[in-house]
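Take this note's numbering: the last position of the sequence shown gets the number 187, and nothing is skipped along the way. Even glycine gets a Cβ: it sits at the ideal position worked out from N, Cα and C. For clarity, every value in this text was computed on a predicted model and none was experimentally measured. Read through the structure below, which is laid out as structure tokens, and then see the notes.
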Amino acid sequence: PVLGITWFVVWRPITVLPRITLAPGYAFQDQDGALYTSENRRGRLTLYSFSYESCAEPCPQSLESLADLAAGLPEQLDLVTINLAPEMPAAAPGWAFLTGEEIFVKKVVGSGFDMYYRPEETGQIYFEPRFVLVDKLGLIRAYYLTNEPDLELIQRDVVFLLDEEQNSQGVGAIGYEAAHLFLCYPR
């Protein structure tokens, strides 16, 4: 058994993304004014982003840069932007914009997605840009702490998640659970 464990840890025949924590539950309004909950995301891979429409330059994550990102994402991945201000931009196909009461947005974004933000006297909102990848079960699997994430990295991570979902049935589940146990994460 020791030799098998050593082989598994050194050669990493299976690579997985860490199961960081549960994504927060929420109930916000989407760009059409309809109720949109975290349960709407179950069964879909989701990349969360955070911004607001009147974000002035230099904006950590402008809606224009997010639109460019959305165009390059794999089709199995949905983009959801949580607005840090109550304003709502125009709708875009396949891309959900969410907002809600300030106290709830603050709690979900701050406590649930671990992102600090604060309104400034200028009317702008200070925030550290980040993207959060959530799997089909509602688990946070990756944080991308950057203005513009590397599309190749996101695509690679989506492939890891799709492979894990497809191959972790039956006996294959043992290998994937071992990969999580031995922290076989991408390098």
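- Pairing P119 with Q61 gives a Cβ-Cβ distance that is not under 8 angstroms.
- Positions of the alpha helix (DSSP H) runs, each at least 4 residues long and wholly inside the segment 148–187, are given as 151–167 and 172–181 in order along the chain.
- Judged by DSSP in its simplified three-state form, L69 adopts helix.
- Out of H180, K107 and A96, the CA that lies nearest to the CA of L47 is found in A96.
- Counting only runs that start and end inside the segment 87–144, the alpha helix (DSSP H) elements of at least 4 residues fall at 102–107.
- Beta-bridge pairing by DSSP links D30 to no other residue.
- Here the C-alpha atom of A173 lies approximately 9 angstroms from the C-alpha atom of E165.
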